[in-house]
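Under the numbering used here, the first residue of the sequence shown carries the number 2, and numbering increases by one thereafter. Remarks on the structure that follows.
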Amino acid sequence: MDDFKHYTVMLNEAVDALECQDGKIYVDCTLGGGGHSELILKRISPNGRLISFDIDDEAIAHSRERLKDYPNLTIVKSSYTNMKEELKKLGIEKITGGVLLDLGASYHQLTKAERGFSFSKDAPLDMRFNMDADFSAYDVVNTYKEDELVRIFSEYGEERFSKRIAKKIVEVRAQKKIETTGELAALIVSAVPKIKSAIHPATRVFQAIRIEVNSELKNVNFVLHDILDLIDVGGIISVISFHSLEDRIVKKFFKFESQKCRCNDMICKCPPPKIELVNKKPIEASDEEIRENPPSRSAKLRVARCIS
2 MDDFKHYTVM
12 LNEAVDALEC
22 QDGKIYVDCT
32 LGGGGHSELI
42 LKRISPNGRL
52 ISFDIDDEAI
62 AHSRERLKDY
72 PNLTIVKSSY
82 TNMKEELKKL
92 GIEKITGGVL
102 LDLGASYHQL
112 TKAERGFSFS
122 KDAPLDMRFN
132 MDADFSAYDV
142 VNTYKEDELV
152 RIFSEYGEER
162 FSKRIAKKIV
172 EVRAQKKIET
182 TGELAALIVS
192 AVPKIKSAIH
202 PATRVFQAIR
212 IEVNSELKNV
222 NFVLHDILDL
232 IDVGGIISVI
242 SFHSLEDRIV
252 KKFFKFESQK
262 CRCNDMICKC
272 PPPKIELVNK
282 KPIEASDEEI
292 RENPPSRSAK
302 LRVARCIS
């Protein structure tokens, strides 16, 4: 029985932005539950082609069954960071239609207890998107030096009590390794002052560890440059981000690549901009969607078109 649960965030907005056309090639960087991919396939069939990437076996199994009636879909079990090599293997030199990059972890990943993403369900410290990877949250928590923990909690979690939490982790693990999400969450609660807040004290630290384990921010920067090399003139880049760190990277990248001058010299020698912004301000989820799926309130959609 398929118990895979996933809510497709900004389904229509993100796919509408692609301006899908029959006969063109599209890429969905994160297949997930298959929601975005299915709508793209409906709009580009019968002659368009979609290549969808994912590293999660459960997501692939679910979506392969969901999308089995679409012969123009190719599912690739690989990270979107390997897009160039994987498309080359498929004989694709250019993405002629567009690319959708949904940077959110799936509901299934975050809520399935044994995946170790949630502090509300006690489970082994894991947090890997790719279950074949060797490196997990356990390694971060139990092997990183105190100053390394402070850095990732501060940078990736924007946690103001990073030093207190890191110090406590190092003290506790010196006696016994920290093995579960419940142990880590309790430790964090004990390390920080009691403050009235709607956000659990462990939220930011768990986010930071997840980002570190999966190299999320490094991967965003990496894939945006690859997409720019692969996208054809007229192609659309549609990106959904879920926290300010990701959105900042996307915003900065789009702004830089859409500027006419990037050198600030008296006599500009810059090549023409590669993209133009379709929306200067990010598109956000509708009130109706937020009521239906509260996590979508943090989603931001930025769209650009390749012009050279």
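Yeah, the Cβ is synthetic: ideal placement off N, Cα and C, and Gly gets one too. This one's a predicted model, so the numbers in the text were calculated from it and none came from an experiment.
DSSP places alanine 15 inside the alpha helix (DSSP H), whose first and last residues are 12-17. Taking C-beta atoms as the reference points, alanine 192 and arginine 152 fail to come closer than 7 angstroms. By the neighbour-count criterion, in which 16 or more other beta carbons inside 10 Å mark a residue as buried, isoleucine 196 falls on the exposed side.
If you draw a straight line from the Cα of glutamate 149 to the Cα of glutamate 247, it is about 20 angstroms long. Take the alpha-carbon of glutamate 147 and the one of isoleucine 250: they are about 27 angstroms apart. As far as DSSP is concerned, leucine 40 takes part in no beta bridge. Listed in chain order, the non-local C-beta contacts of leucine 19 below 6 angstroms within the same chain comprise Gly99, Ile237 and Ser239, local neighbours out to five positions each way being set aside. Aspartate 103 sits buried, since 16 or more C-beta atoms from the chains shown fall within 10 Å of its C-beta.
Taking C-alpha positions only, glutamate 285 is separated from glutamate 184 by approximately 36 angstroms. Taking a 10 Å sphere around the C-beta of glycine 24, we find fewer than 16 other C-beta atoms and assign the residue as exposed. Under the three-state reduction of DSSP, valine 141 is assigned to helix. Pairing isoleucine 291 with glycine 36, the inter-Cα distance amounts to about 17 angstroms. In the three-state DSSP reduction, lysine 219 falls in the helix class (H, G or I).
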